[in-house]
Every structure is written in C-alpha cells, then in structure tokens.
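Chemist: Here it is, the structure, as structure tokens.
2 protein chains.
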Amino acid sequence: MKRSIFYISDRTGITAKLLGETLITQFDELEYTETTIPYIDSPEKMQETVDKINRAGEQDGVRPIIFDTIIKPELRTILNQANAMMLDFFHTFIGPLEKEFEQPSSFSVGKMHAVSNVKEYDHRIDAVNFSLNNDDGATTRNYKDADLIIIGVSRCGKTPTSLYISMQFGLRVANYPFIAEDMDNLKLPKELAQHRDKLFGLTIIPERLHEIRTERRANSKYASQPQCQLEVRAVEALYRREKIPFLNATTRSIEEIATKILVQCNLSRHTRQI
Amino acid sequence: MKRSIFYISDRTGITAKLLGETLITQFDELEYTETTIPYIDSPEKMQETVDKINRAGEQDGVRPIIFDTIIKPELRTILNQANAMMLDFFHTFIGPLEKEFEQPSSFSVGKMHAVSNVKEYDHRIDAVNFSLNNDDGATTRNYKDADLIIIGVSRCGKTPTSLYISMQFGLRVANYPFIAEDMDNLKLPKELAQHRDKLFGLTIIPERLHEIRTERRANSKYASQPQCQLEVRAVEALYRREKIPFLNATTRSIEEIATKILVQCNLSRHTRQI
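If you read the sequences in order, they're chains A and B. Residue 1 is where the first sequence starts when you use the numbering used here, and the numbers rise one by one after that. Residue 275 is where the second sequence starts when you use the numbering used here, and the numbers rise one by one after that.
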C-alpha cells in the first residue's frame, strides 16, 4: 500500500515541503510518492488540485496526506473538501501565537506579506557576486571586504560552501586554495595572515579526496592517494599550528557545513529564506 | 515590550528557523529579537541554552518563544524546563501521523536519520560545478547535458538563479546572456535553438535594470535608460516570437523565481533540503 503525499502552497511550496519531508522521512516502513504543487492561488487551480488528490487516493486505496501552507479562506474551503489527511501548518500554530501575543496575525485578517523585498534581494545578489569574484583565490585584494574566507586543498568543497553561505545568509565569502606547490614547508600566506579572524579551514578524508579528484583527472599525480594524503596532512597541521578553526567536510551536507561554520565563527545570518 | 524568539535544533537549525520565521512575520505589531542556536546535541549544551532563554525572559519581562526540532527525549526533558512558550514542530505532527500510518516513527523509537548522504552531496556538487562552468555563456558546447538554460540580458538575475536551482534542486543549469551587440535584429542563436525545450527567459523592468547596471558602471551607455529599455524590449519580443516561457524577475526573491521556473518547465527536484 502506497501513500500519496502532497505539498500544497499558494507560493513557492518550500515551507510545506520542508516541514512535510522532515516528518515523512521519520517513517522507515512507509511507501510513498511525493508531489509538490506550488502557486495554487486561484479557486480554479485549487479545484484541479483537489481533484488530483482525490484521484490519487482512489488509486492508492488509502487517503493521501496533505501538508499545506494555504492562507486564503476561499482556497482553504476548497482544499478542505479533499478526502485526505490534512496537516495545516499555519492554522496549527497561528492560533496559539495570537493568544500569546494578544494580537491578530495578518494571516487572520486575510493579508499575506510579500516576503521578498528589493533591498534583501540586492544584498544577497551582492554577496553571491562577491563569492563568485573571489572564488578559488582569483584575487586576494578584496579580503578586507569579506565576512569570511574559506581555505583548504583543491576539491574539498570550498566553492559550494562559499556560494551556499552567500546565497542563503547574505554574507560575503571568499575562498582560497592551497595547491600542490605550496605543500613543502606550508605557511599561511601574508594575504591570509592579515585577515586571520576571517579564516575558516575545510578538510576532508584523503580517500574521499582521491575519489573526487580521480573523477576529475584520473591517474594524475594530483589525484593520487599519496598526494591527497600529503596535502590533507600538511593543511591540517597548518590549521592546528595557526589555530585556525576547521571542519571535516567529508560526510556532511552543504547545509551542515555552512551552519557549523557560522556557529564557530559567530557569524549571524543577514537574510532570511522564504 | 520586546519578545525573544529562539530557534533551537540539534542539527542545522534551518528547519526550525524557516518554519518559525514564517509564523512570526505574520505579526505586524510584534517587536522581537531572533536567536538561532543550532547543534544543541548534549545535555550540557541544552542546559546552557535553557539558562540563556530564561535570562532573556527575565530581562524582557515576558516569556520567550521557542521554535524547536529537538528529538532526543533526554534533551527535550531539559528544554521543557525553560520558562517559555514552546512550539515543537515534530511532536505536534508526529503523533497524528503515527496513528494514520499505524506504525511508530523512528522519531518515537529514538533514532534520527542521517539526512546527508554522499551520493546526494556529489549530485549537488556536480550540478553546482556545471552551473559555474556554464555561467554567462562561457561555453555552449555542454548544453546537451543541461537540464535547463536560462537566458536574458546582462544583470537580470541569471547567475544567482542558476546557482540556486543547481544547489537546491540538483539540476544542471546553464545560462546565456544577450548582449548589446545582439540587439539589432535579435535572433535566437543556433546553439540555443537546438535546445529550445530547455530554454527559459528572464526579464526585468527597465528602470530596475538601469539601477543595477548603474551600480556596476555608472554613466555608461550600458547602464543608460534607453539602452536598458531597448534590450528588455528586444528580448521580450524574442521570447514571445519564439514561444519561450519567461518570467519577470523584478520584485521576486530568488526562491520564487527558481520555483516558478521549475513549475513552468515541469522539472522536478532532484534533491532535498534538510
């Protein structure tokens, strides 16, 4: 018996999906299919959606599960007609909060905030552009404007981490690679030493680095086990000697790496997701 | 009277913060401060957190609000001692779901899933690298491997949108700029016409484009109002003539632009957030 799970939203669907997925993955034995249906913002679209949900339930022989963030009463009325289990994120929590704050929410009075605003958008774009322009040691002269400089060997995850942090948190993140030629007698370059409080090191298990580099350049010295081991060992020794905070990125998601760096560097988030 | 809002997690805190923020921003009149405390994974850290929350409440003269995704019973017991209003995303919904599915969740049996896995990580990194290597028309020879090709004038938001989609959804997104020299008698280049079903156009209000370009190169022809108008008009005409789906990015968040493109292109998400 397979369950149909639906994430329904009149906006992006990111919130409904995040909540639902986090919960659903707690059920090991569950067989299910997921469908995200965003931008359901008219009665016609909602009616189509309800029909789709009901058809899925009939096919499955068991009622579907709906996670939703639908606000407008005229859309909710239609959605409530679905023959499904409904987990309604806003209604569940807004009531208790209104009581606690002793004020109605804009949810209740029927107006929803536009979440995006030009200033925040500009701020994030500016941060992403900074990270792109200061990727992979392209230049070191903008480090004075950086919020964070991520350092590490080639292919340990610096670029995606930098981009993620700039995109999600609006921080200006540069990154700088240590290359094979640096490895004899590895020292902290002057350009980095000047900004010691902005440095964060990434490291990686040498075997994993070998795998990643092999995909890129098989059978090269660059990808060889000994070279990977040598580089990782030299860089970790440098981090310890210079007391640079660092993290092993090996089995971590980009989100985990990013948030752990923010915690360790005591950086706050400049923007919000929607 | 100011409220202290806390987002508490034994992992990244992204879920607790995203869900909490969505609720809190519904209260226009609320004065508040937000604090995210991630990686609270030991009784000691939790006790410190509770002390911090209680101190905030005493200072504010009103109890704080806690949004949390704490799973482990030994941590919950401590958190429950905080003198605060607690909104616990997991407990609220897990009970009803266990009943519906007639099975216990791994949440209840006390084991949490590791969300990250190497394969998914690789997939996302691969997608991000693809987007970086195929940014801004750098090359057109990989378009056969692209899931999506975003097109538009310079500075309309192609790069951040491409990176966001590749990072969040694991899709290979290239982007291609139309430049001033293309504008007389604008046609769809052969390299793009071959992959018509992968194309998505971005557009932008000319006044906004003028602002953005002025920041980059003030008083240039590139940034001038007439040039911005000309380019936007030419490109929108091309989209219509060639029946390329397109979107005005002007006042939209990156998330909105990204999710709208996925819906319109009928692309599904290859990865999940945590």
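Don't be surprised by glycine CBs; every beta carbon is placed ideally from N, CA and C. Note that the coordinates shown come from a computational prediction; the quantities given were computed from them, not determined experimentally.
Examine the Cβ distances between the segment 2 to 11 of chain A and the segment 62 to 72 of chain A and report whether three or more of them are shorter than 8 Å.
Modeler: Result yes; three or more Cβ-Cβ pairs closer than 8 Å.
Chemist: Can you tell which of B:Y450, B:D396, B:K373 and B:I345 has its C-alpha closest to the C-alpha of D410 (chain B)?
Modeler: The shortest C-alpha separation from D410 (chain B) is found at B:Y450.
Chemist: Return the Cβ separation of H356 (chain B) and V324 (chain B) in integer angstroms, given the expectation that the two are a contact with Cβ distance under 8 Å.
Modeler: Just to set this straight, residue 356 (chain B) is Ala in the shown sequence, not His. So it is a contact: roughly 5 Å between Cβ atoms.
Chemist: Using a Cβ-Cβ cut-off of less than 8 Å, give me the residues of the segment 431 to 453 of chain B that come near chain A, in sequence order.
Modeler: So the list reads G431, T433, P434, L437, Y438 and M441, given in the order they occur along the chain.
Chemist: Comparing alpha-carbon positions, which option in A:Y222, A:S224 and A:T140 lies nearest A193 (chain A)?
Modeler: Nearest option by C-alpha distance: A:T140.
Chemist: Quick one: what does DSSP say L361 (chain B) is sitting in, helix, strand or coil?
Modeler: Correct three-state label for L361 (chain B): strand.
Chemist: Name the chain B residues that come within less than 9 Å of Q103 (chain A), Cβ to Cβ?
Modeler: The answer, in chain order, is F301, D302, E303 and L304.
Chemist: Check this for me: beta carbons of R155 (chain A) and L209 (chain A), under 8 Å apart or not?
Modeler: Yes; because the gap between Cβ atoms is below 8 Å, this pair is in contact.
Chemist: Relative to the C-alpha of S220 (chain A), which candidate in A:A180, A:R172 and A:R11 has its C-alpha closest?
Modeler: Closest option to S220 (chain A), Cα to Cα, is A:A180.
Chemist: Name the chain A residues whose beta carbon is nearer than 9 Å to that of G331 (chain B)?
Modeler: Ordered by position in chain A, no residue passes the 9 Å Cβ test against G331 (chain B), which lies about 13 Å from the chain.
Chemist: According to DSSP, simplified to helix, strand and coil, what is S390 (chain B)?
Modeler: With a pLDDT of only 46 at S390 (chain B), under 50, the local geometry of the prediction cannot be trusted, and the value read off the model is given with reservation. Reduced to three states, the DSSP call for S390 (chain B) is coil.
Chemist: Restricting to runs no shorter than 3 residues, where is the beta strand (DSSP E) found entirely within the segment 155 to 229 of chain A?
Modeler: 173 to 178 and 199 to 203, all fully within the segment 155 to 229 of chain A.
Chemist: Tell me the rounded alpha-carbon separation between I151 (chain A) and E191 (chain A).
Modeler: So the alpha carbons of these two residues sit roughly 12 Å apart.
Chemist: Taking T323 (chain B) as the query, report the chain A residues whose CB atoms sit under 7 Å from its CB, ordered along the chain.
Modeler: By Cβ distance, chain A contributes nothing, its closest Cβ being about 13 Å from T323 (chain B), past 7 Å.
Chemist: Just curious, the alpha helix (DSSP H) that N540 (chain B) is in, first and last residue?
Modeler: First-last for N540 (chain B): undefined, no H or E at that position.
Chemist: Between I66 (chain A) and the ligand ATP, is there a pair consisting of the residue's CB and a ligand heavy atom that are separated by less than 7 Å?
Modeler: No copy of the ligand ATP appears in this structure; indeed no ligand is present at all.
Chemist: Could you pull the start and end residues of the beta strand (DSSP E) that T35 (chain A) belongs to?
Modeler: Here the beta strand (DSSP E) through T35 (chain A) covers Y32 to I37.
Chemist: Could you tell me which residues DSSP pairs with Y417 (chain B) in its beta bridges?
Modeler: For Y417 (chain B), which the question treats as bridged, DSSP gives no partner whatsoever.
Chemist: Could you name the residues of chain B that P245 (chain A) contacts, counting a contact when the two beta carbons are closer than 8 Å?
Modeler: Within 8 Å Cβ-Cβ: nothing; P245 (chain A) doesn't reach chain B, min ~14 Å.
Chemist: Against K260 (chain A), what residues of chain B qualify as contacts under a CB-to-CB distance less than 9 Å, listed in chain order?
Modeler: Those within 9 Å of K260 (chain A) in chain B are T286, P312 and Y313.
Chemist: Check V509 (chain B) in the structure and name its three-state DSSP category.
Modeler: V509 (chain B): helix per DSSP, three-state reduction.
Chemist: Output, in chain order, the set of chain A residues within a Cβ distance shorter than 8 Å of R247 (chain B).
Modeler: This structure leaves residue 247 (chain B) out entirely; chain B is present only between 275 and 548.
Chemist: Report buried or exposed for T307 (chain B), applying the criterion of at least 16 other Cβ atoms within 10 angstroms of its Cβ.
Modeler: By the 10 Å Cβ count, T307 (chain B) comes out exposed.
Chemist: Please name the residue in A:Q227, A:G201, A:P189 and A:L79 whose C-alpha comes closest to that of P43 (chain A).
Modeler: For P43 (chain A), the nearest C-alpha among the options comes from A:L79.
Chemist: So the alpha helix (DSSP H) R277 (chain B) belongs to, where does it begin and stop?
Modeler: Note, R277 (chain B): premise wrong, no alpha helix (DSSP H); beta strand (DSSP E) at R277 to I282.
Chemist: Is there a Cβ from chain A that is less than 8 Å from the Cβ of L361 (chain B)?
Modeler: Yes - at least one Cβ of chain A is within 8 Å of the one on L361 (chain B).
Chemist: Going by CA-CA distance only, name the one from A:F130, A:E31 and A:T69 that's closest to D60 (chain A).
Modeler: When only C-alpha atoms are compared, the closest one is A:E31.
Chemist: Could one say the Cβ of F367 (chain B) lies closer than 8 Å to chain A's Cβ atoms, at least one of them?
Modeler: For F367 (chain B), the answer is yes, since a Cβ of chain A falls inside 8 Å of its Cβ.
Chemist: Evaluate K461 (chain B) with the Cβ neighbour count: other Cβ atoms within 10 Å of its Cβ, from every protein chain shown; 16 or more gives buried, anything less gives exposed.
Modeler: Burial call: exposed.
Chemist: Using a 10 Å radius around the Cβ and a threshold of 16 neighbouring Cβ atoms, would you call I528 (chain B) buried or exposed?
Modeler: Answer is buried; the Cβ neighbour count reaches 16.
Chemist: With three or more C-beta pairs closer than 8 Å as the rule, is the segment 224 to 242 of chain A touching the segment 285 to 303 of chain B?
Modeler: They do not touch, by the three-pair rule.
Chemist: What does the alpha-carbon distance come out to for the pair H195 (chain A) and L541 (chain B)?
Modeler: Roughly 43 Å separates the two Cα atoms.
Chemist: For chain A, find out if any of its Cβ atoms is closer than 8 Å to the Cβ of V402 (chain B); answer yes or no.
Modeler: At least one chain A Cβ lies under 8 Å of V402 (chain B).
Chemist: Output the boundary residues of the beta strand (DSSP E) element that contains I352 (chain B).
Modeler: I352 (chain B) -> not in any beta strand (DSSP E); alpha helix (DSSP H) instead, spanning P347 to L353.
Chemist: Grouping DSSP H, G and I as helix and E and B as strand, with all else coil, what is I14 (chain A)?
Modeler: Three-state result, I14 (chain A): helix.
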